[in-house]
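Visitor: Residue numbers (our numbering), protein chains in the order written: chain A, 1 to 219; chain B, 1 to 184.
By construction, the Cβ of each residue, glycine as well, lies at the ideal position given by its N, Cα and C atoms.
1. Taking contact to mean at least 3 C-beta pairs separated by less than 8 Å, is the segment 10-26 of chain B in contact with the segment 178-195 of chain A?
2. Is the CB-CB distance between residue 183(A) and residue 72(A) below 8 Å?
3. For the putative contact between residue 138(B) and residue 163(B), defined by C-beta atoms under 8 Å, what is the C-beta separation to the nearest angstrom?
4. Using a threshold of 8 Å, state whether the C-beta atoms of residue 124(A) and residue 52(A) are closer than that.
5. Roughly how many whole angstroms lie between the Cα atoms of residue 172(A) and residue 31(A)?
6. Along the alpha helix (DSSP H) that carries residue 49(A), what are the first and last residues, could you check?
7. Using alpha carbons as the reference points, say which of 112(A), 118(A), 191(A) and 162(A) lies closest to residue 69(A).
8. Could you list the residues in the segment 43-71 of chain A with a C-beta less than 7 Å from some C-beta on chain B, going in chain order?
9. Measure the C-alpha to C-alpha separation of residue 63(A) and residue 119(A) and round it to an integer number of angstroms.
10. If you draw a straight line from the alpha carbon of residue 25(A) to that of residue 38(B), how long is it in whole angstroms?
11. Answer yes or no: does any C-beta atom of chain A fall closer than 8 Å to that of residue 173(B)?
12. Looking only at its own chain, which residues have a Cβ that is under 7 Å from the Cβ of residue 160(B), when we skip the five neighbours before and after it?
13. Take the Cβ of residue 129(A) as the centre, count every other Cβ of all protein chains shown within 10 Å, and call the residue buried at 16 or more, exposed below.
14. So residue 185(B) contacts chain A; which residues on that side make the cut at Cβ distance below 7 Å?
15. Roughly how many angstroms lie between the CA atoms of residue 157(B) and residue 196(A), to the nearest whole one?
16. Which of the three DSSP states is assigned to residue 199(A) in this structure?
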């Protein structure tokens, strides 16, 4: 090898010195994920404040409505934390962990869907595509602010796999948005919830991946 | 272990604004990174270039280092990324690694004072690929370092480093040739 000296090359040293300023170390991923809390709360409340609480809310009870949605928001925040950790060099998740971070939240959404259906089965009888489109669009639009905010937080780190950290933060943001949207949507039919609501979460995941790649500053 | 805790302390000091810490970080970490990158690339000069690029990226990402974790995995993760990006760039631009001995190249006037075009081409062929590309693109095709950097997917400074190292290597090869002609 050509350079075995312990001293850094002068050109490299000069280059680093040219834009050298003290920096504040990045806070822990969990602390940074807490910046998402206001957006998470607004997302949780927005749909039912703008529209109304789902008609079967009395049957589902507090735990079936606000309880499960709050749990889903917390899960979303945890997934965003995982995404922010993924964005730090040397702290990327392995394949198995990544699969769990994606698989477990999806399984939780499926479980919440079945639990709601078991307690209060409300069929979607007509306007399948219209209602489905509305729920997908609503979930995605309400996820957008959270996706954007999380993308900025991830870009402030140094994601070496921006597509992966973006997908995770999009998933987290999608879960938060869907937690609010499920409080408004009157239909608990699994075919509708899993296609339109979970579909919205997956679209948010793809959006997060695309946005994180665009925001990433490293080559 | 002793090195690791020393490295963490040095990195914290580097984050806090003590640039002198960089020299010691480099002294401890450069051989580790060089070994890692050499294992990946099997090319000593390329590994040296990639070490420089890794330190540039580490400098940019210095705010992400968390002192409660070891420095080496953080640095090696960045080195791995630099290596993967370099490999991806090389695979995407096969034209840049074409056999330069076959290329018709315009040579600057001053080159004729110590070598003819054939000798320049042969010397150029001996310069390692990334440096050769930078020299050809900047000094022959007239691209700016910014353009070269964006084509290769590297930092502008890394493009400058590659070009200046390529020119230095070229100069030394051509000087050797001139000396040989002198002895003849």
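Guide: If we stick to the structure as given:
1. no
2. Start at 1 with the first residue of the first chain, and residue 183(A) comes out as number 183. Start at 1 with the first residue of the first chain, and residue 72(A) comes out as number 72. Not closer than 8 Å, so no.
3. As a working mapping, residue 138(B) is identified with position 138 in the second chain. As a working mapping, residue 163(B) is identified with position 163 in the second chain. The pair is a contact, with the Cβ atoms about 5 Å apart (cut-off 8 Å).
4. Counting from 1 along the first chain, the entry for residue 124(A) is found at position 124. Counting from 1 along the first chain, the entry for residue 52(A) is found at position 52. No.
5. The count along the first chain starts at 1 and reaches residue 172(A) at position 172. The count along the first chain starts at 1 and reaches residue 31(A) at position 31. Going by the C-alpha atoms only, they are around 16 Å apart.
6. Counting from one through the first chain, the residue named residue 49(A) turns up at place 49. Run containing residue 49(A): 37-50, per the alpha helix (DSSP H) assignment.
7. Along the first chain, one-based indexing puts residue 69(A) at 69. Closest by alpha carbon: 112(A).
8. none
9. In the first chain, the residue the question calls residue 63(A) occupies position 63. In the first chain, the residue the question calls residue 119(A) occupies position 119. In a straight line, the C-alpha of residue 63(A) is about 11 Å away from that of residue 119(A).
10. Within the first chain, residue 25(A) is the residue found at index 25, counting from 1. Within the second chain, residue 38(B) is the residue found at index 38, counting from 1. If you take the alpha carbons of residue 25(A) and residue 38(B), they lie about 30 Å apart.
11. Here the question's residue 173(B) lines up with position 173 in the second chain. Not one chain A Cβ lies under 8 Å of residue 173(B).
12. Position 160 of the second chain holds residue 160(B). Excluding positions up to five away in sequence, the list reads 145.
13. Reading the first chain from its first residue, position 129 is the one you call residue 129(A). That one is exposed.
14. Past the edges of chain B, shown from 1 to 184, lies residue 185(B), and the structure says nothing about it.
15. Taking the second chain and counting its residues from 1, the one referred to as residue 157(B) is at position 157. Taking the first chain and counting its residues from 1, the one referred to as residue 196(A) is at position 196. One C-alpha to the other measures close to 48 Å.
16. To locate residue 199(A), count along the first chain from 1; it is residue 199. Here residue 199(A) sits in helix by DSSP.
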